[in-house]
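A.B. asks: Protein chains in written order, with this note's numbering: chain V, 100 to 531; chain A, 100 to 531; chain B, 100 to 531. Ideal placement from N, C-alpha and C gives every residue a C-beta, glycine not left out. Please read all numbers here as calculations on a predicted model, not as lab measurements.
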Amino acid sequence: MSQTLRDRLFDEIDQWTLIDPHTHINPNQPASETLADILGYHYYTELAHSAGLPRDRIESPDLSPKEKVALLVPTLESLDNTVQVSWLIEMTQQLFGFKGDRVTASNWESLYEAAAQRMRQPNWSTQVLEKSRLRAVFLTNDFDDRLDGFDSAIYVPCLRTDDLVFKLSEPEVLQRLARATSRMPESAESLHAAIGSLFEYFSAHGARACAISLPPGFAPSPVSKTAADRALAQLLARGSDADPAARRELSHFVFWTLAGFCADFNLPFDLMIGVNRNVYTSGVYQGRDLFDSRVSLIQYGELFNAFPQVTFPISVLASVTNQELVAYSWIFPNVMTLGHWWYSNTPSMIEHDAAARLEAVPKTKQIGYYSDMYKLEFALPKFAMYKRMLAKVLAERFVIDRLWPEDRAVALARQILCENVERVFGSAAAQG
Amino acid sequence: MSQTLRDRLFDEIDQWTLIDPHTHINPNQPASETLADILGYHYYTELAHSAGLPRDRIESPDLSPKEKVALLVPTLESLDNTVQVSWLIEMTQQLFGFKGDRVTASNWESLYEAAAQRMRQPNWSTQVLEKSRLRAVFLTNDFDDRLDGFDSAIYVPCLRTDDLVFKLSEPEVLQRLARATSRMPESAESLHAAIGSLFEYFSAHGARACAISLPPGFAPSPVSKTAADRALAQLLARGSDADPAARRELSHFVFWTLAGFCADFNLPFDLMIGVNRNVYTSGVYQGRDLFDSRVSLIQYGELFNAFPQVTFPISVLASVTNQELVAYSWIFPNVMTLGHWWYSNTPSMIEHDAAARLEAVPKTKQIGYYSDMYKLEFALPKFAMYKRMLAKVLAERFVIDRLWPEDRAVALARQILCENVERVFGSAAAQG
Amino acid sequence: MSQTLRDRLFDEIDQWTLIDPHTHINPNQPASETLADILGYHYYTELAHSAGLPRDRIESPDLSPKEKVALLVPTLESLDNTVQVSWLIEMTQQLFGFKGDRVTASNWESLYEAAAQRMRQPNWSTQVLEKSRLRAVFLTNDFDDRLDGFDSAIYVPCLRTDDLVFKLSEPEVLQRLARATSRMPESAESLHAAIGSLFEYFSAHGARACAISLPPGFAPSPVSKTAADRALAQLLARGSDADPAARRELSHFVFWTLAGFCADFNLPFDLMIGVNRNVYTSGVYQGRDLFDSRVSLIQYGELFNAFPQVTFPISVLASVTNQELVAYSWIFPNVMTLGHWWYSNTPSMIEHDAAARLEAVPKTKQIGYYSDMYKLEFALPKFAMYKRMLAKVLAERFVIDRLWPEDRAVALARQILCENVERVFGSAAAQG
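1. Short of 9 angstroms Cβ to Cβ, which residues in the region 368–381 of chain A face chain V?
2. Can you tell me which residues form a DSSP beta bridge with Q465 (chain V)?
3. Taking 8 angstroms as the CB-CB cut-off, is Q408 (chain B) touching chain V?
4. With 8 angstroms as the C-beta to C-beta threshold (strictly closer), list the residues of the region 457–469 of chain A near chain B in chain order.
5. When DSSP labels each residue in this structure, what does D119 (chain A) get in the three-state scheme?
6. Can you list the residues of chain V that V419 (chain A) reaches, using a CB-CB cut of under 8 angstroms?
7. Check whether the Cβ of Q102 (chain B) lies closer than 8 angstroms to any Cβ atom in chain A.
8. Say whether chain B places a C-beta atom closer than 8 angstroms to the C-beta of D500 (chain A).
9. So, do the region 377–395 of chain A and the region 153–170 of chain A have three or more beta carbon pairs nearer to each other than 8 angstroms?
10. For a quick check, are the C-beta atoms of L233 (chain V) and D119 (chain V) less than 8 angstroms apart?
11. Find out if the Cβ-Cβ distance for the pair F368 (chain B), C361 (chain B) is shorter than 8 angstroms.
12. Along the region 493–521 of chain B, what residues have a CB closer than 7 angstroms to any CB found in chain V?
13. From what residue to what residue does the alpha helix (DSSP H) around L511 (chain A) run?
14. For E189 (chain B), count neighbouring C-beta atoms within 10 Å of its own C-beta (all shown protein chains included) and say buried if the count is 16 or more, exposed if not.
15. Does the distance from the C-beta atom of N404 (chain B) to that of T380 (chain V) stay below 8 angstroms?
16. Quick check on DSSP: helix, strand or coil for Y142 (chain A)?
17. Considering only their Cβ atoms, is the gap separating A293 (chain V) from L276 (chain V) smaller than 8 angstroms?
18. Among residues of its own chain, excluding the 5 on either side of F298 (chain B), which ones have a beta-carbon nearer than 6 angstroms to its beta-carbon?
19. For V520 (chain V), does the three-state DSSP call read helix, strand or coil?
20. Determine contact between the region 428–444 of chain V and the region 421–436 of chain B, defined as no fewer than three beta-carbon pairs at a distance below 8 angstroms.
21. Taking only runs that begin and end inside the region 310–395 of chain B, name each unbroken alpha helix (DSSP H) of 4 or more residues, in chain order.
22. Considering only residues of the region 239–268 of chain A, which uninterrupted alpha helix (DSSP H) runs meet the minimum length of 4 residues and lie entirely inside it, listed in chain order?
23. Could you tell me which residues DSSP puts in a beta bridge with P559 (chain A)?
24. Counting only C-beta atoms, is S320 (chain V) closer than 8 angstroms to chain B at any point?
25. Would E78 (chain V) count as contacting chain B if we go by Cβ distances under 8 angstroms?
26. Can you tell me which of V:A135, V:Q333, V:W186, V:S296 puts its alpha carbon nearest to the alpha carbon of Y485 (chain V)?
27. Look up L134 (chain A) in the DSSP assignment and give the residues it is bridged to.
28. Just to make sure I have the definition right: I need the residues of chain B whose C-beta is within less than 8 angstroms of the C-beta of A362 (chain A). Which are they?
29. Of all Cβ atoms in chain V, is any one closer than 8 angstroms to the Cβ of G400 (chain B)?
30. With distances taken Cα to Cα, identify the nearest neighbour of W355 (chain V) among V:M371, V:K324, V:V184, V:R376.
31. If you draw a straight line from the alpha carbon of A279 (chain A) to that of L349 (chain V), how long is it in whole angstroms?
32. Taking the continuous alpha helix (DSSP H) assigned at L233 (chain B), which residues delimit it?
33. Is there contact between the region 485–502 of chain B and the region 242–250 of chain B, where contact requires at least three CB pairs shorter than 8 angstroms?
34. Which residue from A:S339, A:D262, A:G248, A:I397 puts its Cα closest to that of N375 (chain B)?
35. Using the C-alpha atoms, what's the distance from L178 (chain V) back to D161 (chain V)?
36. So, using beta-carbon positions, are L366 (chain V) and A308 (chain V) closer together than 8 angstroms?
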């Protein structure tokens with residue numbers, strides 16, 4: 100009973116055309132060119148590396164795309180239990196007409212050709228968007244990205260601010276900021292103005308969110324302009340040799356400034372909380388980051404209190420923080436739940452975390468899912484994974500446990516997958 | 100199969116008459132007078148606020164009860180996924196004859212009148228107790244409450260000690276203690292005696308437990324009388340300006356003193372661990388508290404070792420602490436599990452936490468549930484939620500997974516819902 | 100459907116002959132002599148104590164085995180909900196022909212005799228191994244154990260190193276090291292050599308792993324030989340009065356040295372992370388240890404980076420650390436998951452933790468289970484508990500949710516229960 104019920108709910112949910120509110124898509128090359136773009140995704144390279152393939156072979160600069168796929172395919176056997184590989188299989192079946200249930204040394208070449216053939220079609224990215232039922236995807240733009248040359252109704256700009264907050268003490272980042280804003284900031288005042296001009300540019304070009312990922316130890320607090328002046332002066336004088344306290348002061352000043360501009364420009368501030376960068380120093384590209392689950396949203400209490408007019412959609416990296424996210428979203432009007440991130444983006448974690456959110460957070464304050472993808476082909480299987488878990492939770496915990504009619508469960512799914520995304524991320528997205 | 104099994108178990112479990120071992124009921128006004136007492140419960144006001152209703156409107160002093168309900172009802176639409184709203188619906192159906200499955204702008208007025216009519220009946224609170232199959236509810240008494248004028252076999256006094264431990268440095272609390280015990284404590288000795296006289300009074304009036312809620316950072320330890328004398332002297336001299344170290348010393352002294360009197364007066368000491376007060380400073384009344392899940396029961400190791408003769412029924416606010424609670428209850432004779440508290444009092448949390456307890460803690464050391472209610476009408480739907488999850492866990496993890504006969508599963512439920520409450524909280528409760 | 104599917108999967112899984120990669124078996128007395136060896140297991144004495152039986156009665160030196168059983172049996176009634184007692188029942192049914200589903204005051208004596216009769220048979224331990232379908236069990240050897248007099252193909256030595264790392268400042272431990280290596284270490288250099296000679300001895304005698312249990316606060320880091328020399332000198336001069344910093348330095352030096360020798364001798368280094376020893380100071384023997392769930396694998400980041408050539412099979416005590424274990428195993432080639440330890444070795448914890456591992460960690464990097472037993476009779480019911488949960492996860496999350504054919508699910512189980520154990524712990528085990 101429960102299984103057919105789940106299937107019915109999934110079939111309903113799977114029909115809607117969605118906006119993907121967080122991706123790393125390059126709008127000038129949104130889809131893949133070969134299967135190497137797919138298998139080169141860090142989810143596969145890091146797992147292949149973890150299962151024993153040496154990094155220097157994976158990252159050899161001499162590999163052609165086809166050689167890269169040939170190198171990686173044999174490792175899939177060790178990984179075929181993972182949901183990450185199930186994304187690959189579902190994608191190849193749905194997008195490339197693959198008939199098997201495993202990609203192996205004996206069948207990958209024909210798949211490679213079939214994929215390449217489709218990817219060469221001039222409207223391939225449009226086809227993928229249509230097959231994936233996406234009408235817009237949010238980007239992750241560096242603060243100095245140029246936001247032209249693409250359709251911002253489909254590829255919606257977002258201002259990603261990790262570099263500004265955590266790397267401003269690197270001379271090269273400061274130079275980038277100076278170039279982007281046409282002057283080198285020399286005081287807290289001019290740094291504030293420089294950041295403001297970034298918001299003006301992004302806002303004028305259709306940006307719909309400001310976003311940042313944060314380490315578990317970060318606890319934002321305001322910094323006076325005097326203290327920021329002092330910290331910036333030291334930074335300008337000593338660069339990367341500035342002492343850690345000064346760098347920390349500046350981080351906090353910039354972070355607080357960003358929150359202020361989110362208020363001024365009416366942009367949600369996506370906080371992705373909990374990542375430790377570069378823990379595995381010999382890991383493959385993008386496969387070095389991990390986490391410390393000892394983090395609490397109480398670190399953000401002062402921020403949430405200080406900016407009641409800013410909406411904070413929040414992703415947590417550790418599932419053990421999910422209950423705090425539920426509680427903070429249940430109490431704070433300006434805090435809401437945002438998707439299932441990275442190491443929590445697997446079926447059992449999604450099921451656990453989504454169930455807790457759906458039963459206690461106002462339904463208007465939950466953004467169900469985003470793909471976090473680098474290439475468009477991944478939205479389809481990732482969203483499908485989420486929708487299956489959502490259908491499971493709705494079937495078991497609402498239709499069965501709470502005796503809801505099925506259409507009410509479907510309407511709840513629609514609220515968190517469609518309506519909230521459009522309302523929270525505003526009109527640009529709604530037009531997308 | 101599992102669904103009908105769950106229903107059968109629930110039907111059995113739902114027939115028993117219970118004691119509710121922790122509530123905030125006012126024995127002189129235990130039930131609601133209008134639906135505003137129901138919708139004014141912080142679970143609804145804080146969710147309504149979180150979903151966008153301004154606090155000044157919710158807390159406007161000019162609102163009549165009917166206006167308050169009229170204000171809050173439209174926000175229920177945004178919250179109707181939450182289990183908190185499902186309590187409301189089940190209660191209105193069971194207690195007020197409501198036929199719908201949502202309370203809306205178009206049907207609330209007739210519900211309001213139907214509820215008011217029943218609430219006006221002189222024996223309404225008795226009716227609610229009977230319909231809810233409760234024969235006693237435990238109170239949460241301030242240390243200076245007068246414990247007369249009500250039937251303490253039904254409304255069982257409990258000494259709540261948050262103020263004594265955490266607010267004794269407020270002059271007003273010290274005055275209350277002086278008034279309640281007829282003298283101002285001037286030394287550790289006389290403070291000890293004052294607390295002792297509170298225990299005498301409470302014990303003589305049928306109190307069955309001492310209770311306290313504790314912030315995540317608290318780690319009790321003994322304080323010498325000399326140190327306590329010094330701290331109290333500073334407090335008496337400087338009031339709220341006493342330095343934090345002195346206030347902390349005094350908190351610890353009072354806490355340890357309470358544990359000692361629990362031993363002397365043979366009272367269980369309910370510890371409700373993990374709440375941070377007033378995190379959301381602009382929240383509605385009682386809707387400001389949150390938590391930091393980074394807490395460990397090892398903070399209480401010294402206490403559990405020092406007072407083997409005191410029973411500590413323990414509630415944890417964060418579900419991630421539940422496994423520690425299971426382990427500490429499995430090892431320490433004087434530690435037991437107590438209900439599902441606040442942010443962990445939702446179905447998926449209850450299911451997770453109850454399953455872990457039922458499979459590893461002696462069955463004699465688990466208190467299944469308490470309602471934490473402020474008005475009697477809430478016991479019925481809250482206990483029903485718990486019993487459904489209990490029936491689910493028993494069906495899936497005992498009858499199915501472990502091949503238990505159903506009557507054995509029912510007997511286990513009876514142990515943790517009835518027998519343990521009566522045994523642990525003693526004869527007064529047993530007579531209730 | 101799901102139930103019969105689970106049964107089919109379990110029946111397949113239950114047929115294989117396994118290696119148990121972590122136990123506390125004494126190879127010279129591997130099986131029990133009376134039921135007192137079974138009921139004297141700390142899982143029963145600590146629960147009986149927790150449920151009210153005084154420690155001095157449980158640990159009375161005057162008790163005969165039969166008296167001990169007579170003392171403990173009546174407490175089983177309070178514990179019969181626990182999975183620990185279900186191990187007892189399943190074991191007595193499977194190994195001693197017990198027909199009941201509870202051991203009580205009225206039936207234990209005949210069970211005691213039936214068990215004693217079988218245990219007296221000269222090949223009892225072999226019978227138990229066969230009935231339990233085990234072909235080898237790993238031991239937990241003190242560093243100064245003599246490794247002869249038993250068949251190391253069946254009883255596989257492992258070098259347990261808690262004493263070396265955490266108790267070297269106790270004169271008695273230092274003496275044991277001196278005796279085992281024929282000289283007292285007087286410098287970092289000679290301490291290094293002494294540890295090396297232990298590895299030589301263990302390796303020559305078929306040891307297949309080095310292992311250690313670690314407190315939640317431990318964070319390994321390298322220590323220079325100069326610092327270690329200084330710390331050791333202080334230790335030799337002052338014994339247990341050496342200051343904590345010196346003892347800590349030495350702990351870290353020894354730990355890092357062990358990891359180095361694991362590399363040299365090609366031994367996996369089992370890390371069992373998270374136990375606080377002796378928290379309940381008045382607990383029964385082996386029933387005093389608990390944990391603090393505030394631990395992170397980031398504490399081991401430096402270690403994992405420093406020893407890429409060492410395999411670290413990792414057990415975590417707190418289920419809330421399981422997601423970190425999944426993530427670290429997913430990224431680091433030298434980190435893998437190892438069983439379900441102690442307070443996490445209960446069905447709901449296993450289900451939760453195994454599901455997360457199976458969906459995201461390469462299947463070649465998971466060791467499904469070990470029994471941790473002190474007597475051979477426990478492998479059967481403990482492994483059965485694990486296999487049931489594994490069958491449940493595979494049925495629900497792979498066959499149903501991901502549409503896997505059943506034989507593929509069975510092959511995945513075989514990988515983590517058989518193949519990985521043989522590959523990771525090497526040829527000695529494979530010959531076992």
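C.D. replies: Quick answer:
1. Cβ proximity to chain V below 9 angstroms picks out N375, V378, Y379, T380, S381 from the region 368–381 of chain A.
2. V:T436
3. Not one chain V Cβ lies under 8 angstroms of Q408 (chain B).
4. Going along the region 457–469 of chain A in chain order, one finds L457, E458, A459, V460, P461, K462, T463, K464 with a Cβ nearer than 8 angstroms to chain B.
5. strand
6. Within chain V, the residues near V419 (chain A) are V419, Q422.
7. yes
8. yes
9. yes
10. L233 (chain V) is a Cβ neighbour of D119 (chain V), given a cutoff of 8 angstroms.
11. yes
12. Listed by position along the chain: R496, I499, D500, R501, L511.
13. Where L511 (chain A) is concerned, the enclosing alpha helix (DSSP H) stretches over 505–513.
14. buried
15. If you check the CB distance, N404 (chain B) and T380 (chain V) come in under 8 angstroms.
16. helix
17. Contact check for L276 (chain V) against A293 (chain V) passes: the beta carbons are separated by less than 8 angstroms.
18. F360, F364
19. helix
20. Flag = yes, the region 428–444 of chain V and the region 421–436 of chain B touch.
21. Here the runs fully enclosed are 324–337, 343–364.
22. 261–265
23. The structure shown does not extend to residue 559 (chain A), since chain A is modelled only from 100 to 531, so the question has no answer here.
24. no
25. Since the first residue of chain V shown is 100 and the last is 531, residue 78 (chain V) is not available in this structure.
26. V:W186
27. In DSSP, L134 (chain A) forms no bridge with anything.
28. By Cβ distance, chain B contributes nothing, its closest Cβ being about 15 angstroms from A362 (chain A), past 8 angstroms.
29. Interface with chain V (8 angstroms Cβ-Cβ cutoff): G400 (chain B) is included.
30. V:K324
31. A direct Cα-Cα distance of roughly 53 angstroms separates A279 (chain A) from L349 (chain V).
32. Per DSSP, L233 (chain B) lies in no alpha helix (DSSP H); the unbroken beta strand (DSSP E) holding it starts and ends at 233–237.
33. no
34. When each option's Cα is compared against that of N375 (chain B), the closest is A:I397.
35. 25 angstroms
36. At the C-beta level, L366 (chain V) and A308 (chain V) come within 8 angstroms of one another.
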